[in-house]
Amino acid sequence: MRLFTTLLYFCIFGTGIILSEETVDEVKEFNKILAEEDGIVVLFTQPCCACTDCVEAEVLTGGMSQQLEDHLGLTVVRIKDPKLKARYGIKKVPALAYIRNNKTALYDGEFEYDTLYLWLQENRQPSTVDLDDTSFEHLTQAATGATTGDWLVIFHNGVCCKKRELIHLENVGIKLRNKVNVASVNTDKAPETADRFKITTCPEIIFFRHQKMYHFTLPEVNVKTLRNFAEGFYKNSKVERVPQPLSAFDKYVERTRDFFSADSYRLIISLYVIFISIAILTIIVVLKMFAAPTKPKSQ
């Protein structure tokens, strides 16, 4: 039986077991749980009794932990370390995060049994999709009519995009489920897609609808602005035609152009080598022509 996992401190109504920071490295233990478990419910709180709402949230999640494990296969942990709160952009406690398939969603409802359980049950699968060069056009059909629906896509390189922005994206996906598809593209892993859409900033967010695309230009990226953009504010952005995916010939031309444009001296050296090769070949042919043996006279 897996019990409600408690990190660093355990305190309910002023009683319980207290573990010092020297005894438990909360960050290390949490990272270990992340590596070993797939579905994790994380309650962000603070040391005992300074926050009444935190105590109530701890009692609720602690009481739900066994049922969540038995019916949904989830592990419940409690976090108080400031570094872990900062990692997930937690500024107010209590807060609850749902981590599955390495994607995190933040709970924004009431800490009430039925409401929380239903939210966890309905969102067992992540709402966002990871796309790459192979899957982008196949799944989005952005250039061929978007029969799979509208898509809100964030392009990033895995460094510039903070975890908080990806959490916002996951939460937007939950809000827009069955209305708008939400996805992310790591441009380092999808260079052709990044080149196709001329991605120059990081992160960059584009809304795809009916073979047209709209760039997200609002100054702040959060659940509210992303949702408003996808639900209609995109009409205030410049509309652009979705470029067609590159053909095999286009890709060959692109690679050739990139090869020579990367270093201009490559072109000069290549032309020089070609010229020298032609000159040498010409000289050899001419010498063979003049050096052809004459037929000896018959006696």
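FYI, in mature numbering (1 follows the signal peptide of the UniProt record, and there is no 0) the residues of the sequence shown are -20 to -1, 1 to 279. For glycine and all other residues, C-beta sits at the position ideal for the given N, C-alpha and C.
Residues that Ala30 bridges to, as DSSP identifies them = Note: Ala30 sits in no beta bridge, so no partner.
Which partner residues does Asn158 have in the DSSP bridge list?
-> In DSSP, Asn158 forms no bridge with anything.
Three-state class that DSSP yields for His190 in the structure shown = coil
Pick from Leu226, Pro225 and Phe209: whose alpha carbon is nearest that of Lys218?
-> Phe209
When the Cα atoms are used, what is the spatial distance from Asn103 to Thr114?
-> 26 Å
Please name the residue in Ile258, Lys65, Thr25 and Phe116 whose C-alpha comes closest to that of Val73.
-> Thr25
On the DSSP bridge assignment, give the partners of Trp131 in chain order.
-> Asn161 and Phe188
Look at the alpha carbon of Tyr194 and the alpha carbon of Ile59, and state the distance between them as a whole number of angstroms.
-> 39 Å
Where does Leu(-14) land, buried or exposed, given buried means 16+ other C-beta within 10 angstroms?
-> Confidence in Leu(-14) is poor, its pLDDT being 44 and thus under 50, which makes the residue's placement unreliable; the coordinate value appears in the next sentence. That one is buried.
What distance in whole Å lies between the Cβ atoms of Arg207 and Val152, which are believed to be in contact at a cut-off of 8 Å?
-> 5 Å
Would Phe188 be called buried (16 or more neighbouring beta carbons within 10 Å of its own) or exposed?
-> buried
Can you say whether Thr127 is buried or exposed, counting buried as having 16 or more other CB atoms within 10 angstroms of its CB?
-> exposed
Start and end residues, beta strand (DSSP E) containing Arg58 = Thr55 to Ile59
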